[in-house]
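This report concerns only the one structure given below.
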Amino acid sequence: MKESLLFLPLTVIYLAIKSTLFPAFPAPDLPLIIVFYMAYRKAGFEAVLLGFVLGYIEDAFSAGIIGSTSFALIAVFIAVNLFSRKVQFSTPMMRGGGIAAASAVKGIIIYTIIRASHAEASFLSTVVLQAVVTGATSPAIILFLSRITAWVSPQSFKDNVN
Amino acid sequence: MRMSERHIVSLLKRNRILLVSVALALFSLHLALTDRRDTTRAFVLKEALSAMAGPLQRAVLAAEHSIKGVWSDYIYLMEVKDENDSLKKTVLRLQEENNSLKEDVNQNARLKQVLDYKENAGFATIAAGIMGLDLDGWTKTITINKGASEGVVKDQAVISPFGVVGRVIEVNSHSSKVLVNLDVRSDIDVLVQRSRVKGVVEGTGGDGLTLKYIRQADDVQVGDLILTSGLSGTFPKGLVVGEVTKIEKSRESFFKYVEVRPKMDIQRLEEVLLVRDSGFFTQE
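The listed protein sequences correspond, in order, to chains A and B. Number 43 in the numbering used here belongs to position 43 of the first sequence; there are no gaps in the numbering. Start counting at 1 in the second sequence, then tack on 162, and there's your number in the numbering used here.
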């Protein structure tokens with residue numbers, strides 16, 4: 001719960017800055033990284049709800065189609081949750097690759113919804129560029145998230161942060 | 163509970179997160195796909211989300227605006243400072259130029275005055291500039307930038323448009339030393355312009371002169387102009403020496419004590435004229 005309370009305002013601030021100061025800049029997809037981080041660590045109700053809420057918040061800030069990002073993030077959550085039973089995202093490389101793939105999935109979903117709504121969208125920027133940037137920056141961001149997670153909730157013997 | 167029911171409940175419990183996720187995903191997908199068609203359904207949610215996002219975005223933009231304003235003001239002030247420094251340097255340079263030009267104008271005026279005097283003097287002169295002054299001690303001398311090479315000789319009269327300066331006492335090849343009439347060693351034959359009474363003006367070693375050998379009966383008044391008499395042969399006749407400022411009569415002395423204030427101010431003098439002609443003996 002503490003993590004969600006920390007990640008929620010962090011995402012809101014990040015999206016507020018991104019949507020106003022760097023609207024055209026290919027910035028890392030922080031909500032996606034948070035959902036990925038939560039999904040492979042402890043896939044509980046908290047993580048699902050956080051993904052659901054973060055999706056709507058992102059739609060609100062990006063003025064996108066309400067529900068599209070939320071759907072994409074939950075889809076990513078489900079996929080990561082299922083994959084994490086088979087694949088261990090224990091190294092930065094694995095996390096980076098996994099997040100790039102998750103970002104691509106999210107991008108494809110949103111691109112499809114946008115196209116289904118007969119709106120214009122660039123596949124390159126919506127999917128490819130966003131996946132590359134998010135995948136490349138995700139190890140550092142996950143390290144940052146794990147640090148602040150450890151800061152708000154001291155690590156116990158059973159609770160393996162990474 | 164039957165076996166199949168228990169199995170279903172167990173399956174649901176094991177996959178409850180997945181089920182919840184799918185339910186939320188389907189809800190979101192439905193909302194997304196009907197977003198454009200059914201506006202009333204998503205209206206409340208949209209309003210709520212924009213009510214949350216709007217103020218935050220405005221706050222970020224306001225902060226950006228403030229930071230940009232501070233930055234641009236800072237840059238502007240830096241540019242103003244650079245411009246100010248540059249302008250200060252320009253002002254200093256212009257002040258120097260202005261001072262130089264003023265100096266040139268003053269020098270031009272002085273030289274013109276000297277030239278006019280030289281042309282109307284009625285005798286040949288050599289113009290010279292003052293290189294140095296020795297006026298602090300009891301001696302009063304100046305050094306000029308003309309010497310034997312330029313035709314300067316010892317005992318030559320040194321004058322200015324304002325009056326008598328002194329006489330040459332030492333001649334070098336390109337400079338000369340002039341004994342100023344304020345020096346105690348200086349004595350010049352003079353006469354009172356108004357009454358034509360003759361006497362000798364001597365330096366006091368200070369800023370004034372004394373007119374000597376004026377008898378108690380001689381007609382001398384305060385304000386009388388003292389001119390060179392031309393008797394000594396050094397100075398041409400009629401050059402202004404000074405003005406009587408004080409007269410003291412004494413029954414015990416045969417002569418009056420007469421103080422004369424020189425007309426020329428040696429401290430302000432920068433150019434002088436040396437009289438080339440000699441033998442200005444006059445016969446009254």
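Just so you know, even glycine gets a beta-carbon here, dropped at the ideal spot from N, CA and C.
(Q) Residues of the stretch 170 to 193 of chain B in Cβ contact with chain A at a cutoff of 9 Å, in chain order, please. (A) R178, I179, L180, V182, S183, V184, L186, A187, L188, F189, S190, L191, H192, L193
Q: Identify which residue in A210/B, E259/B, V420/B, A225/B has its Cα closest to the Cα of K360/B.
A: For the purposes of this step, residue 360/B is taken as the residue at position 198 of the second sequence. Nearest option by C-alpha distance: V420/B.
(Q) For a cutoff of 7 Å on Cβ pairs, would you count I114/A as touching chain B? (A) The residue labelled residue 114/A in the question sits at position 114 within the first sequence. So no, I114/A is outside the interface.
Q: Just the chain A side, please: which residues come within less than 7 Å of Q257/B by C-beta, in chain order?
A: The sequence position of residue 257/B within the second sequence is 95, counting from 1. None at all; the shortest Cβ gap to chain A is about 49 Å.
Q) Just checking, does the stretch 342 to 352 of chain B make contact with the stretch 369 to 379 of chain B on the three C-beta pairs under 8 Å criterion? A) yes
Q. Using a Cβ cut-off of 7 Å, which residues of the stretch 29 to 55 of chain A contact any Cβ in chain B, in chain order?
A. A43, G44, F45, V48, F52, G55
Q. For the stretch 205 to 221 of chain B, which residues have a beta carbon sitting closer than 7 Å to at least one beta carbon of chain A?
A. L207, K208, L211, S212, M214, A215, L218, Q219
Q: State buried or exposed for P28/A, treating a residue as buried only when at least 16 other CB atoms are found within 10 Å of its CB.
A: In the first sequence, the residue the question calls residue 28/A occupies position 28. Classification for P28/A: buried.
(Q) Suppose the cutoff is 8 Å on Cβ atoms and the five residues either side in sequence are ignored; what does the same chain contact list for V384/B look like? (A) As a working mapping, residue 384/B is identified with position 222 in the second sequence. V406, T407, K408, I409, listed in sequence order.
Q: Let me know the secondary structure DSSP gives A102/A once reduced to three states.
A: Along the first sequence, read from residue 1 onward, the residue named residue 102/A stands at position 102. The answer is helix: DSSP assigns A102/A an H, G or I state.
Q. Between the C-alpha atoms of S4/A and S234/B, what's the straight-line distance to the nearest angstrom?
A. By 1-based counting over the first sequence, the position of residue 4/A is 4. By 1-based counting over the second sequence, the position of residue 234/B is 72. If I take the Cα positions, the gap works out to 39 Å.
Q) Is the beta carbon of A16/A sitting closer than 7 Å to the one on Q219/B? A) The residue given as residue 16/A occupies position 16 in the first sequence. The residue given as residue 219/B occupies position 57 in the second sequence. Taking 7 Å as the Cβ cut-off, A16/A and Q219/B qualify as a contacting pair.
Q.
Which of the three DSSP states is assigned to T301/B in this structure?
A. For the purposes of this step, residue 301/B is identified with residue 139 of the second sequence, where counting begins at 1. It is coil, neither helix nor strand.
Q. Comparing alpha-carbon positions, which option in A215/B, S228/B, P398/B lies nearest K18/A?
A. One-based indexing of the first sequence puts residue 18/A at position 18. That would be A215/B, whose Cα lies nearest to the Cα of K18/A.
Q: Count the C-beta pairs between the stretch 318 to 331 of chain B and the stretch 419 to 439 of chain B that are closer than 8 Å, then say yes if the count reaches three, no if not.
A: yes
Q. Which first and last residues belong to the alpha helix (DSSP H) in which P31/A is found?
A. Within the first sequence, residue 31/A is the residue found at index 31, counting from 1. Its alpha helix (DSSP H) spans residues 30 to 41.
Q: Please state whether DSSP places P217/B in a helix, a strand or coil.
A: Counting from one through the second sequence, the residue named residue 217/B turns up at place 55. Helix, per DSSP.
Q: Consult DSSP for A119/A and reduce its assignment to one of helix, strand or coil.
A: The residue labelled residue 119/A in the question sits at position 119 within the first sequence. A119/A falls in the coil class under three-state DSSP.
Q. According to a CB-to-CB cut-off of less than 7 Å, which residues of the stretch 9 to 24 of chain A neighbour chain B?
A. V12, A16, I17, S19, T20, L21
Q. Could one say the Cβ of Y111/A lies closer than 7 Å to chain B's Cβ atoms, at least one of them?
A. Translated into positions along the first sequence, residue 111/A becomes position 111. Taking Cβ atoms only, chain B never reaches closer than 7 Å to Y111/A, which makes this a no.
Q: Take L129/A and list the residues in its own chain whose beta-carbon comes closer than 6 Å to its own, dropping the five residues that flank it on each side.
A: Along the first sequence, one-based indexing puts residue 129/A at 129. Counting only Cβ-Cβ distances below 6 Å, and skipping sequence neighbours, we find P26.
Q: Would you decide whether V48/A is buried or exposed? Buried here means 16 or more other CB atoms lie within 10 Å of its CB.
A: The residue labelled residue 48/A in the question sits at position 48 within the first sequence. Taking a 10 Å sphere around the C-beta of V48/A, we find 16 or more other C-beta atoms and assign the residue as buried.
Q) What is the rounded straight-line gap between the Cα of R423/B and the Cα of G404/B? A) In the second sequence, the residue the question calls residue 423/B occupies position 261. In the second sequence, the residue the question calls residue 404/B occupies position 242. Cα to Cα, R423/B sits roughly 5 Å from G404/B.
Q.
Looking at chain B, is there any beta carbon in it that lies within less than 7 Å of the beta carbon of G84/A?
A. Position 84 of the first sequence, counted from the first residue, corresponds to residue 84/A. Looking at the sequence shown, residue 84/A is not Gly but Ser. No, because no Cβ of chain B sits closer than 7 Å to the Cβ of S84/A.
Q. Roughly how many angstroms separate the alpha carbons of T126/A and S103/A, rounded to a whole number?
A. The count along the first sequence starts at 1 and reaches residue 126/A at position 126. The count along the first sequence starts at 1 and reaches residue 103/A at position 103. Cα to Cα, the separation comes out at about 10 Å.
Q | Whole-angstrom distance between V362/B and F443/B, CA atom to CA atom | A | Residue mapping note: residue 443/B aligns to position 281 of the second sequence, counting from 1. Residue mapping note: residue 362/B aligns to position 200 of the second sequence, counting from 1. In this prediction, F443/B has a pLDDT of 48, which is less than 50 and means its spatial position is unreliable; nothing more can be read from the coordinates.
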